[in-house]
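Colleague:
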Amino acid sequence: MSPLTVGYRVGYSTNGTSGVSFWRFEADTLRRACADERPALHEALFSLRADLADVLYVPLRADFEDQVTRALVQAEVRAAKKQLVVDAMATQQAQPALNDFATELATKRATLLPRRTEDGDVGMPSWNENELARVAHMLHHGFGLSMPAAACVLTDAGYFRPGRGFDDHLNRQFIHRLLHVWSLDPDGPRTVQGDDIRRWGRSASLFELPPAMVVYGLDPATDHTQRAQQLAQEHGFVCGGSATAERGDRGLPQLLRLICDFHAVRALYVLDADLFADDVERQIVYALAERFGVKVLEDARPVRAGFNDPSEDGVLRQGTRLFTALRWYDKATVLESHRTRDHARARALQLQDQLFNYREIAHRLNAEAVPSSTRDGGWGKGRIETLLNGDAS
Numbered sequence: 093m094s095p096l097t098v099g100y101r102v103g104y105s106t107n108g109t110s111g112v113s114f115w116r117f118e119a120d121t122l123r124r125a126c127a128d129e130r131p132a133l134h135e136a137l138f139s140l141r142a143d144l145a146d147v148l149y150v151p152l153r154a155d156f157e158d159q160v161t162r163a164l165v166q167a168e169v170r171a172a173k174k175q176l177v178v179d180a181m182a183t184q185q186a187q188p189a190l191n192d193f194a195t196e197l198a199t200k201r202a203t204l205l206p207r208r209t210e211d212g213d214v215g216m217p218s219w220n221e222n223e224l225a226r227v228a229h230m231l232h233h234g235f236g237l238s239m240p241a242a243a244c245v246l247t248d249a250g251y252f253r254p255g256r257g258f259d260d261h262l263n264r265q266f267i268h269r270l271l272h273v274w275s276l277d278p279d280g281p282r283t284v285q286g287d288d289i290r291r292w293g294r295s296a297s298l299f300e301l302p303p304a305m306v307v308y309g310l311d312p313a314t315d316h317t318q319r320a321q322q323l324a325q326e327h328g329f330v331c332g333g334s335a336t337a338e339r340g341d342r343g344l345p346q347l348l349r350l351i352c353d354f355h356a357v358r359a360l361y362v363l364d365a366d367l368f369a370d371d372v373e374r375q376i377v378y379a380l381a382e383r384f385g386v387k388v389l390e391d392a393r394p395v396r397a398g399f400n401d402p403s404e405d406g407v408l409r410q411g412t413r414l415f416t417a418l419r420w421y422d423k424a425t426v427l428e429s430h431r432t433r434d435h436a437r438a439r440a441l442q443l444q445d446q447l448f449n450y451r452e453i454a455h456r457l458n459a460e461a462v463p464s465s466t467r468d469g470g471w472g473k474g475r476i477e478t479l480l481n482g483d484a485s
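FYI, in our numbering the residues of the sequence shown are 93 to 485.
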């Protein structure tokens with residue numbers, strides 16, 4: 093079987109679409125945007141991370157004009173153990189040194205903060221019904237694919253009905269039942285707005301909590317809980333937890349989960365910066381902390397993340413924002429208000445009122461990268477007619 097491919101392009105085109113399982117198109121206005129600001133790129137990278145595709149195909153080199161963007165995309169594809177093909181060639185598009193640096197950061201981030209869902213580690217078997225429901229919900233409500241199209245993508249990727257064989261393909265009726273049952277589950281599905289995850293590292297808290305400090309580097313042989321509470325009080329915080337460096341992972345995954353997932357954390361106190369493996373690891377942790385609005389203190393002195401080299405600093409900061417955005421896709425369905433079917437219908441009606449015909453409306457929606465519910469993501473006269481006069485989702 094040939095590798096499954098997700099296509100990505102800035103601006104819609106029907107050229108060179110053969111051999112691609114499904115497409116994600118970016119608005120042309122985002123051609124020069126950073127990787128962390130491109131929602132369709134996030135969807136394409138999620139597809140690789142969720143094993144919906146093995147290859148990310150980008151037909152035009154110009155879609156990754158910026159060297160930092162190229163390096164970050166290549167790094168995330170490598171971290172997912174997938175392949176990037178640009179302009180029909182498997183290639184490393186960034187400058188070698190910059191590309192290697194971006195890959196180093198992406199690999200270390202993935203090690204320090206492994207991918208997780210609300211229920212635990214991601215990448216559960218394709219016959220696990222919760223994982224199937226999570227991905228199906230993202231395809232239908234996040235990507236905007238129709239249920240038949242979502243069923244085809246999942247079947248091509250090797251997903252099948254729990255308790256059934258590989259030959260029992262998914263269909264519209266099964267996806268409809270699966271999502272209906274899951275919608276009644278109080279633990280799912282969770283949705284977040286794409287604009288919010290690109291603006292902030294964490295979602296808004298439902299409760300007003302006192303600002304907390306977490307402490308890293310306490311001696312595990314002492315009463316480190318009492319020492320953490322003392323340090324927090326000295327700086328005007330409540331104690332939000334602590335992490336020691338006694339384990340093989342030096343307590344960093346535990347520390348980062350406190351920073352990234354506990355809404356009240358507003359400060360990180362590092363007793364000994366030498367506990368980090370190297371300066372790259374230290375900068376990764378501090379950049380993630382800053383992304384989540386956490387002030388970093390080293391022995392009572394405020395410090396900021398960053399490298400002196402502008403390109404390396406860009407890779408650190410943009411890569412951190414991209415990483416935190418993609419992390420949301422592991423645990424929630426990300427909704428883009430300007431890419432939904434309701435938006436497409438409202439925009440089409442607006443253009444119809446301006447006396448645009450169906451073909452002209454299709455051209456406009458394609459240019460604005462408002463995706464259709466089909467796997468190729470594009471609009472034509474017939475699809476616009478269906479959109480305005482009936483809904484075949």
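Beta carbons: idealized from backbone N, C-alpha and C, even for Gly.
Here's the rule I'm using: 16 or more other beta-carbon atoms within 10 Å means buried, otherwise exposed. How should residue 404 be labelled?
Modeller: When all chains shown are included, residue 404 counts as buried.
Colleague: If I follow the unbroken beta strand (DSSP E) through residue 97, where does it start and stop?
Modeller: Counting along the chain, the beta strand (DSSP E) containing residue 97 begins and ends at 97-102.
Colleague: I'd like the ranges of any alpha helix (DSSP H) spanning at least 4 consecutive residues and lying wholly in the segment 231-270.
Modeller: Taking only runs of at least 4 residues, the alpha helix (DSSP H) segments lying wholly in the segment 231-270 are 239-248.
Colleague: With C-beta atoms as the reference, is residue 127 less than 8 Å away from residue 100?
Modeller: Not in contact: residue 127 and residue 100 (Cβ atoms no closer than 8 Å).
Colleague: How should residue 473 be labelled, buried or exposed, when 16 other C-beta atoms within 10 angstroms of its C-beta is the threshold for buried?
Modeller: By the 10 Å Cβ count, residue 473 comes out exposed.
Colleague: For residue 418, which of 457, 189, 221 and 206 has the nearest alpha-carbon?
Modeller: Nearest C-alpha to residue 418: 206.
Colleague: With the cut-off set at 8 Å, would you say residue 116 and residue 98 are in Cβ contact?
Modeller: Yes, these two residues count as a Cβ contact at 8 Å.
Colleague: Excluding the five sequence neighbours on either side, which residues of its own chain have a C-beta within less than 6 Å of the C-beta of residue 224, listed in chain order?
Modeller: 251.
Colleague: For residue 187, I'd like the list of residues in its chain whose CB is within less than 7 Å of its CB, leaving aside the five on either flank, ordered along the chain.
Modeller: 159.
Colleague: The beta strand (DSSP E) that contains residue 45, what's its start and end?
Modeller: Because the chain is modelled from 93 through 485, residue 45 falls outside the range shown and cannot be assessed.
Colleague: Any chance you could list the alpha helix (DSSP H) runs of at least 4 consecutive residues sitting entirely within the segment 137-190, in chain order?
Modeller: Segments of the alpha helix (DSSP H) lying fully in the segment 137-190: 159-171.
Colleague: Report the residue from 384, 369 and 344 whose alpha carbon sits nearest the alpha carbon of residue 354.
Modeller: When each option's Cα is compared against that of residue 354, the closest is 384.
Colleague: Check residue 127 in the structure and name its three-state DSSP category.
Modeller: Residue 127 falls in the helix class under three-state DSSP.
Colleague: On the three-state DSSP scale, how would you describe residue 427?
Modeller: Strand at residue 427.
Colleague: Contact between the segment 416-431 and the segment 136-150: three or more CB pairs below 8 Å?
Modeller: The segment 416-431 vs the segment 136-150: in contact.
Colleague: Return helix, strand or coil for residue 465, following the three-state DSSP convention.
Modeller: Coil at residue 465, not helix or strand.
Colleague: Taking the beta strand (DSSP E) that residue 411 falls in, what are its first and last residues?
Modeller: No beta strand (DSSP E) contains residue 411, which is instead part of the alpha helix (DSSP H) from 402-421.
Colleague: Along the chain, where does the beta strand (DSSP E) containing residue 332 start, and where does it finish?
Modeller: 330-335 is the extent of the beta strand (DSSP E) around residue 332.
Colleague: Here's a check: name, in chain order, each residue in its chain whose Cβ is nearer than 6 Å to the Cβ of residue 331, leaving out the five neighbours to either side.
Modeller: Same-chain partners within the cutoff: 320, 321 and 324.
Colleague: Return the chain-ordered list of same chain residues with a C-beta closer than 7 Å to the C-beta of residue 451, the five sequence neighbours on each side being excluded.
Modeller: Excluding sequence neighbours, residue 451 sits near 473.
Colleague: Near residue 236, which residues of its chain fall below 7 Å by C-beta distance, leaving aside the five closest residues on each side in sequence?
Modeller: 431, 432, 433, 463 and 465, listed in sequence order.
Colleague: Looking only at its own chain, which residues have a Cβ that is under 7 Å from the Cβ of residue 119, when we skip the five neighbours before and after it?
Modeller: Here the set comprises 460 and 461.
Colleague: Kindly confirm or deny that the segment 377-391 and the segment 359-368 touch, where touching means at least three C-beta pairs closer than 8 Å.
Modeller: Because the criterion of three Cβ pairs below 8 Å is met, the segment 377-391 and the segment 359-368 touch.
Colleague: Alpha carbon to alpha carbon, what distance is there between residue 375 and residue 198?
Modeller: Distance between the alpha carbons of residue 198 and residue 375 is about 12 Å.
Colleague: Considering only their Cβ atoms, is the gap separating residue 411 from residue 164 smaller than 8 Å?
Modeller: A contact, by the Cβ cut-off of 8 Å.
Colleague: Check for me: the alpha helix (DSSP H) holding residue 381 runs from which residue to which?
Modeller: Note, residue 381: alpha helix (DSSP H), 371-383.
Colleague: Which residue or residues does DSSP assign as beta-bridge partners of residue 283?
Modeller: 425, per the DSSP bridge assignment.
Colleague: Taking all protein chains shown into account, decide if residue 401 is buried (16 or more other Cβ within 10 angstroms of its Cβ) or exposed.
Modeller: With fewer than 16 other Cβ atoms within 10 Å, it is exposed.
Colleague: So for residue 360, helix, strand or coil by DSSP?
Modeller: DSSP places residue 360 in strand when its eight states are reduced to three.
Colleague: I'd like to check one pair, residue 357 with residue 334: are the Cβ atoms closer than 8 Å?
Modeller: Against a cut-off of 8 Å, the Cβ pair of residue 357 and residue 334 comes out as no contact.
Colleague: Given that a residue counts as buried once 16 or more other Cβ atoms are within 10 Å of its Cβ, and exposed if not, what is residue 283?
Modeller: It counts as exposed.
Colleague: Assuming contact is defined by CB atoms lying nearer than 8 Å, are residue 194 and residue 228 in contact in what I supplied?
Modeller: Going by C-beta atoms, residue 194 is not nearer than 8 Å to residue 228.
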